[in-house]
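To start, the structure itself, in structure tokens.
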Amino acid sequence: MAKIGFIGTGIMGHPMASNLQKAGHSLFLSEHHASAPADLVAAGALALANPREVAQEAEFIIVMVPDTPQVEDVLFRTDGIAAGVGPGKIVIDMSSISPSATKAFAAKINEKGAQYLDAPVSGGEVGAKAATLSIMVGGDSQAFARALPLFQNMGKNITLVGANGDGQTAKVANQIIVALNIQAVAEALLFAAKNGADPAKVREALMGGFASSKILEVHGERMIKGTFNPGFRINLHQKDLNLALAGARELGINLPNTANAQQVFSTCAAIGGSEWDHSALIKGLEHMANFSIRDE
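According to the numbering used here, the sequence shown holds residues -10 to 285 in order.
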């Protein structure tokens, strides 16, 4: 069993850390930002003062925080992870952040003699709780092999994509696909309902054909029922699409549909929906249409 530092026990990180603990691993948590979750501590996790102390105690240090600036802070603050790592240790960033920043962070950690894996996830809160996350990994193959048993405690579809940064690139690609699928489902249900059809029955019919998808199954139901409590918040998906659009500018390519989906998310944010689940993209379309599929 491994000694694992886990920094970032929010909506996603908490169940991920819990699954590692249930598998028999020892957990070390940092209280530099907030108190460690009581249930993890009660089950044996050790709460320490800062990320440096966590890195000193653990063999693997997992980071699961919202965005690039938070990862940089946790890694390189005065009492950060970089101050506590050395040979034999592996830093695993499971956040969804900038691929280019990831490459720079990895180089700095490697200078300390440690190894670095970027390993963002897909599957949302449901996948985190069920340990069925898809995990996209960038980094050294030997470090990946050492970390694989940990990934298997948290996910099912685990792929070494390539070098550092490639895991984050795969995650950005994932978020493009998810956003555009959510928008497609939302537009279809809005079209159907405005035309007088029952959107629930339309969804049921489409689930048996070529238009069937996980997004139609899960998020289509959310749209119809109006259950927009977050599994994955709109503001986080906006962050991921910003990464996609910034990367596209760097590469000199155009992602027109990604840009359009981002505008609809921005409409949701403008009407107070930054914290809604990303399936609530439909509310942005409804706002523009002055029509709700739920008779709201």
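Even for Gly, the Cβ is constructed at its ideal location relative to N, Cα and C.
Asked: Can the beta-carbon of VAL167 be found less than 9 angstroms from the beta-carbon of SER111?; Found: yes
Asked: Just the C-alpha distance for LYS160 and GLY113, rounded to the nearest angstrom, thanks.; Found: 13 angstroms
Asked: Which residues mark the beginning and the end of the alpha helix (DSSP H) in which ASP62 is found?; Found: 57 to 65
Asked: Note down, in chain order, each residue of its chain lying with its Cβ closer than 8 angstroms to the Cβ of ASN289, except the 5 sequence neighbours on either side.; Found: This structure gives no information on residue 289, because the portion of the chain shown stretches from -10 to 285.
Asked: Tell me the residue span of the beta strand (DSSP E) that contains VAL161.; Found: Element bounds for VAL161: not the beta strand (DSSP E) but the alpha helix (DSSP H), 155 to 183.
Asked: Quick check on the burial criterion: 16 or more other C-beta atoms within 10 angstroms. Buried or exposed for THR57?; Found: buried
Asked: Can you tell me whether DSSP reads PHE140 as helix, strand or coil?; Found: helix
Asked: How big is the Cα-Cα spacing for VAL126 and PHE280?; Found: 42 angstroms
Asked: Among the residues of its own chain, which have a CB less than 7 angstroms from the CB of VAL115, if the five just before and after it don't count?; Found: GLY220
Asked: For PHE199, count neighbouring Cβ atoms within 10 angstroms of its own Cβ and tell me buried if that reaches 16, exposed if not.; Found: exposed
Asked: Ignore the nearest five residues each way along the sequence and tell me which others in ARG222's own chain have a CB closer than 6 angstroms to its CB.; Found: GLU264
Asked: Would you list the one or two residues that DSSP bridges to MET125?; Found: THR148
Asked: Could you give the DSSP three-state label for ILE282: helix, strand or coil?; Found: coil
Asked: Can you tell which of ASP28, VAL80, ALA90 has the C-alpha that lies nearest to the C-alpha of ALA47?; Found: VAL80
Asked: Using 10 angstroms around the beta-carbon of GLN141, count the other beta-carbons present and answer buried if the total reaches 16, otherwise exposed.; Found: exposed
Asked: Taking all protein chains shown into account, decide if GLN157 is buried (16 or more other Cβ within 10 angstroms of its Cβ) or exposed.; Found: buried
Asked: Which term fits ASP284, buried or exposed, when burial requires 16 or more other beta carbons within 10 angstroms of its beta carbon?; Found: exposed
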